[in-house]
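Below is one structure, written out as structure tokens; comments come after it.
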Amino acid sequence: MKKSKLTLWIIPIAIVLVACGGNEYETVIESAIDHHRDVTMYLDETRESYEVRENANVVVYDEGKYITLSFIDPEDETEGRKETYEKVGDSWTQLEQYQSEMLLRKSPSYQEQLGKEM
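For the sequence shown, the positions run 1 to 118 when UniProt numbering is used.
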């Protein structure tokens with residue numbers, strides 16, 4: 001009897017924990033977006049206001065070592081330039097466009113579009 005009661009509690013708790021887990025790259029993606037916002041020199045507040053995760057296309061490579069970000073302007077729905085960052089220690093380094101081309105041959109570890117996993 002005790003086992004069945006215990007099972008009735010464990011199953012719902014496990015389902016809740018799995019549903020609330022998020023993705024494994026959550027912290028890495030937020031860190032890369034924060035870095036992007038820190039190093040970008042915004043000429044106007046409009047661009048800064050829409051460069052958030054909900055307006056981003058995010059591609060993660062090599063289990064979070066590289067992240068490519070591009071942001072969608074909600075007014076005209078155009079995608080901005082793709083910026084690729086490499087995780088070096090505890091910080092990020094922006095790759096030149098030609099350096100990020102090597103990633104096109106790799107399969108992404110994770111992708112999301114406009115804040116939703118693909």
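Every residue, glycine too, gets a C-beta built ideally from N, C-alpha and C.
Please name the residue, chosen from 89, 61 and 34, that lies closest to residue 111 on a Cα-to-Cα basis. 61
Tell me which residue opens and which closes the beta strand (DSSP E) that residue 42 is part of. Taken as a continuous stretch (DSSP letters only), residue 42 belongs to no beta strand (DSSP E), as it is neither H nor E.
Would you kindly report the start and end of the unbroken alpha helix (DSSP H) that includes residue 107? It is not in any alpha helix (DSSP H) - residue 107 carries neither H nor E in the DSSP assignment.
Sheet register partners of residue 113 (DSSP bridge): 57 and 116
Suppose you measure from the CA of residue 102 to the CA of residue 75; what does that come to, to the nearest Å? 32 Å
Looking at the unbroken alpha helix (DSSP H) that takes in residue 85, where does it start and where does it end? Element bounds for residue 85: not the alpha helix (DSSP H) but the beta strand (DSSP E), 83 to 88.
Is it right to say residue 58 is buried, meaning 16 or more other beta carbons lie within 10 angstroms of its own, or is it exposed? buried
From which residue to which residue does the alpha helix (DSSP H) around residue 98 run? 97 to 100
Can you tell which of 117, 113 and 65 has the C-alpha that lies nearest to the C-alpha of residue 72? 113
When we look at the beta-carbon of residue 28 and count the other beta-carbons within 10 Å, is it buried (16 or more) or exposed? buried
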